[in-house]
Amino acid sequence: MSDADGAWVSLFSGGKDSSWALYRALEDGLEVSRLVTVHPTGDSYMYHVPATELAALAAESVGIPLVDVEPADFEAERAADSSQQGDDELEPLEAALTDLDRELEAGIAGVTAGAVESEYQTSRIQGMCDRLGCELFAPLWQEDPRELADAMLAAGFEIKIIQVAAGGLDESWLGRTLDREAIADLEALNEEYGVHILGEGGEFETLVVDGPHMDRRIDLEYETEWDGTRGRLLISDAELA
Numbered sequence: 001m002s003d004a005d006g007a008w009v010s011l012f013s014g015g016k017d018s019s020w021a022l023y024r025a026l027e028d029g030l031e032v033s034r035l036v037t038v039h040p041t042g043d044s045y046m047y048h049v050p051a052t053e054l055a056a057l058a059a060e061s062v063g064i065p066l067v068d069v070e071p072a073d074f075e076a077e078r079a080a081d082s083s084q085q086g087d088d089e090l091e092p093l094e095a096a097l098t099d100l101d102r103e104l105e106a107g108i109a110g111v112t113a114g115a116v117e118s119e120y121q122t123s124r125i126q127g128m129c130d131r132l133g134c135e136l137f138a139p140l141w142q143e144d145p146r147e148l149a150d151a152m153l154a155a156g157f158e159i160k161i162i163q164v165a166a167g168g169l170d171e172s173w174l175g176r177t178l179d180r181e182a183i184a185d186l187e188a189l190n191e192e193y194g195v196h197i198l199g200e201g202g203e204f205e206t207l208v209v210d211g212p213h214m215d216r217r218i219d220l221e222y223e224t225e226w227d228g229t230r231g232r233l234l235i236s237d238a239e240l241a
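Per the UniProt record's numbering, the sequence shown starts with residue 1, numbered consecutively.
This is the structure in structure tokens:
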């Protein structure tokens with residue numbers, strides 16, 4: 001469908017994993033021409049959910065045009081099983097990429113994704129890329145979580161925790177910067193509760209507010225919402241510094 005000289009498209013939520021995949025692609029000299037953000041409604045098996053509207057600010061800071069896949073593109077009814085739901089959730093993304101493949105002069109050469117350990121996500125994204133006839137660049141896939149976290153910090157990523165939902169993660173984690181002290185605390189929580197150091201199982205979600213691939217930092221104003229077991233940031237204002 002596309003040739004090797006085509007453009008790269010980055011699946012992008014503004015969180016640390018998709019941002020790292022984008023950063024690595026740019027560092028490797030891949031020509032990333034579009035970012036694509038999916039805005040699912042409710043819980044999702046396939047996508048990062050919270051604060052995806054901030055991806056537009058992040059994209060502006062990165063300087064790459066953003067394509068939104070809106071909630072209206074999703075079927076209102078949820079599938080009875082997770083496997084079918086994952087397939088259904090992929091359809092609007094694949095449709096958007098198919099349109100992009102037609103619109104971009106040389107088509108899509110490849111897609112970047114930030115999956116770390118989820119076979120559920122990666123197998124579906126790989127299947128989609130196979131159908132589109134393009135490559136998949138997944139630099140986090142099956143890498144050591146601690147080494148990835150260290151690499152993000154060493155590169156200059158500033159990562160804010162915007163949602164938590166796991167035993168051991170209390171309200172104090174909301175708005176916390178994912179620095180070396182926080183990673184050490186997560187390692188301890190991993191041993192005690194099984195919390196994934198990168199939050200791969202949905203234990204926590206993040207937003208990259210600054211990094212070497214961004215021209216301007218994202219400044220946030222927010223309050224916290226906590227129900228006793230899980231919580232999130234209620235962001236009242238966000239702007240580029």
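Ideal Cβ placement from N, Cα and C applies to all residues, glycine included.
1) Might you give, ordered along the chain, the residues of its own chain that have their beta carbon closer than 6 Å to the beta carbon of glutamate 203, omitting 5 neighbours on each side?
2) With DSSP as the reference, identify every bridge partner of tryptophan 8, one or two as the case may be.
3) Who are the near neighbours of aspartate 5 in its chain, counting only those whose CB is closer than 6 Å to its CB and skipping five residues on each side?
4) On the criterion of 16 or more Cβ atoms from any shown chain inside 10 Å, does tyrosine 193 qualify as buried, or is it exposed?
5) Mapping DSSP to helix, strand and coil, what is isoleucine 162?
6) Using three-state DSSP, classify tryptophan 141 as helix, strand or coil.
7) Hey, could you find the ends of the beta strand (DSSP E) valine 69 is sitting in?
8) Out of curiosity, what's the CA-to-CA distance linking threonine 206 and glutamine 163?
9) Does the distance from the C-beta atom of leucine 35 to that of alanine 7 stay below 8 Å?
10) What separation, rounded to the nearest whole angstrom, lies between the Cα atoms of arginine 230 and leucine 136?
According to the data block:
1) Ala166, Val195 and His196
2) Looking at the DSSP assignment, tryptophan 8 forms a beta bridge with Val32 and Gly110.
3) Ala106
4) exposed
5) strand
6) coil
7) 66–69
8) 7 Å
9) no
10) Going by the C-alpha atoms only, they are around 33 Å apart.
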